[in-house]
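J.: One structure is given below, represented as structure tokens, and several questions about it will come after.
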Amino acid sequence: EPEVTQTPSHQVTQMGQEVILRCVPISNHLYFYWYRQILGQKVEFLVSFYNNEISEKSEIFDDQFSVERPDGSNFTLKIRSTKLEDSAMYFCASSESVQETQYFGPGTRLLVL
Amino acid sequence: AQSVTQLGSHVSVSEGALVLLRCNYSSSVPPYLFWYVQYPNQGLQLLLKYTTGATLVKGINGFEAEFKKSETSFHLTKPSAHMSDAAEYFCAVRLNRDDKIIFGKGTRLHILP
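Chains A and B, in that order, give the protein sequences.
Going by our numbering, the letters in the first sequence line up with residues 19 to 131, in that order.
Going by our numbering, the letters in the second sequence line up with residues 41 to 153, in that order.
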């Protein structure tokens, strides 16, 4: 069964460093998403992406964040200058269309020191 | 604005007993409703969803949920708990015009032998 994959599974970085989290969505899906889950808190929407553009973003998704689909398979989330409060589990998701089910990857656990 | 409330951050049931995880939502228009499960160290897996039509929805692993508009609820049930059901369960809502899913805080289900 097709699935969303994410790399790395864990990432430790120093505050102020840039990180790139990578996702490979399901191959025929056209809509891509990033969510995050700070430890002990709820899963929160960050951004959605369609047709090489951001279609919706939350207040969390400020200028430090960016997303890109650099080729036909990868979908990346970049955090330009990490802060301690960026430590969280980051989930990528994809769907065939906006009405269809979003399928989630296993997540990348980011720890900012 | 949409919101999701899950009653009980932790629920314990005995193996073989009924599982009931409560979820209430707030939405200005009829939403799509979801239950996702997160097993330890894994991503979010869709258990079931309600979009339109029959209000009793059956999902994987013997779970089902009933959409009750009058009560704005979407409680998750399973007649007989199994040890493998131990996980965190997230109720979620999405407007059919929106990209983003709004998640509840999650309920950790413990199964007692």
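Note that beta-carbon positions come from the ideal geometry of N, C-alpha and C, so glycine has one too.
Could you say which of Leu149/B, Ile141/B, Thr45/B and Ala121/B lies nearest to lysine 75/A if we only look at CA atoms?
T.: As a first step, residue 75/A must be located in the first sequence, where it is residue number 57. Nearest of Leu149/B, Ile141/B, Thr45/B and Ala121/B to lysine 75/A, Cα basis: Ile141/B.
J.: Does serine 112/A pass the burial test, meaning 16 or more other C-beta atoms within 10 Å, or should it be called exposed?
T.: Position 94 of the first sequence, counted from the start, is the residue given in the question as residue 112/A. Burial call: buried.
J.: Out of curiosity, what's the CA-to-CA distance linking serine 84/A and serine 99/A?
T.: On the first sequence, position 66 is the one that residue 84/A refers to. On the first sequence, position 81 is the one that residue 99/A refers to. Whole-angstrom Cα-Cα distance: 11 Å.
J.: Any C-beta of chain B within less than 8 Å: which residues of the region 113 to 125 of chain A qualify?
T.: Listed by position, the residues of the region 113 to 125 of chain A near chain B (Cβ gap below 8 Å) are Val116, Gln117, Thr119, Gln120, Tyr121, Phe122, Gly123, Pro124 and Gly125.
J.: Using 10 angstroms around the beta-carbon of lysine 118/B, count the other beta-carbons present and answer buried if the total reaches 16, otherwise exposed.
T.: Along the second sequence, read from residue 1 onward, the residue named residue 118/B stands at position 78. Under this definition lysine 118/B is a buried residue.
J.: What residue from Pro153/B, Ser52/B, Ser54/B and Tyr65/B has the CA that sits closest to lysine 108/B's CA?
T.: One-based indexing of the second sequence puts residue 108/B at position 68. Considering only alpha carbons, the answer is Tyr65/B.
J.: Quick check: the Cα distance between glutamine 120/A and leucine 87/B, rounded to an integer number of angstroms?
T.: Taking the first residue of the first sequence as 1, we reach residue 120/A at position 102. Taking the first residue of the second sequence as 1, we reach residue 87/B at position 47. In a straight line, the C-alpha of glutamine 120/A is about 12 Å away from that of leucine 87/B.
J.: Could you work out which residue in Pro20/A, Thr31/A, Val42/A and Val22/A is closest to alanine 106/A when comparing CA atoms only?
T.: The residue you call residue 106/A lines up with position 88 of the first sequence. The shortest Cα separation from alanine 106/A among Pro20/A, Thr31/A, Val42/A and Val22/A belongs to Thr31/A.
J.: Hey, is isoleucine 100/B's beta-carbon within less than 8 Å of any beta-carbon in chain A?
T.: On the second sequence, residue 100/B is found 60 positions in, with the first residue counted as 1. Interface residue (Cβ-Cβ distance to chain A less than 8 Å): isoleucine 100/B is not classified as such.
J.: Could you give the distance in angstroms between the alpha-carbon of proline 26/A and the alpha-carbon of leucine 128/A?
T.: Your numbering for residue 26/A matches position 8 in the first sequence. Your numbering for residue 128/A matches position 110 in the first sequence. Rounded to the nearest angstrom, the two C-alpha atoms are 9 Å apart.
J.: Look at tyrosine 129/B and leucine 47/B and say whether their C-beta atoms are less than 8 Å apart.
T.: Against the second sequence, residue 129/B aligns to sequence position 89. Against the second sequence, residue 47/B aligns to sequence position 7. It is not a contact, given that the beta carbons lie outside the stated cut-off.
J.: Near tyrosine 49/A, which residues of its chain fall below 7 Å by C-beta distance, leaving aside the five closest residues on each side in sequence?
T.: Translated into positions along the first sequence, residue 49/A becomes position 31. Cβ within range, chain order: Ser66, Tyr68, Ser112, Ser113, Ser115 and Val116.
J.: For the region 71 to 92 of chain B, which residues have a beta carbon sitting closer than 7 Å to at least one beta carbon of chain A?
T.: Closer than 7 Å at the C-beta level to chain A, one finds these residues of the region 71 to 92 of chain B: Gln82, Gly83, Leu84, Leu86 and Lys89.
J.: With a threshold of 8 Å between beta carbons, is glutamate 74/A in contact with chain B?
T.: Locating residue 74/A in the first sequence gives position 56, counting from the first residue. Under the Cβ distance rule, glutamate 74/A counts among the residues neighbouring chain B, one pair being separated by less than 8 Å.
J.: Along chain A, in chain order, which residues have C-beta atoms closer than 7 Å to that of phenylalanine 143/B?
T.: For the purposes of this step, residue 143/B is taken as residue 103 along the second sequence, with counting starting at 1. Within chain A, the residues near phenylalanine 143/B are Lys60 and Val61.
J.: Which residues does DSSP list as the beta-bridge partners of alanine 127/B?
T.: Working through the second sequence from its first residue, we reach residue 127/B at position 87. In the DSSP output, where bridge partners are listed per residue, alanine 127/B has Leu149/B.
J.: My parser needs the alpha helix (DSSP H) runs of 4 or more residues fully inside the region 69 to 120 of chain A; what are they?
T.: none
J.: Going by DSSP, name the residue or residues bridged to phenylalanine 114/B.
T.: Translated into the one-based positions of the second sequence, residue 114/B becomes position 74. Phe107/B, per the DSSP bridge assignment.
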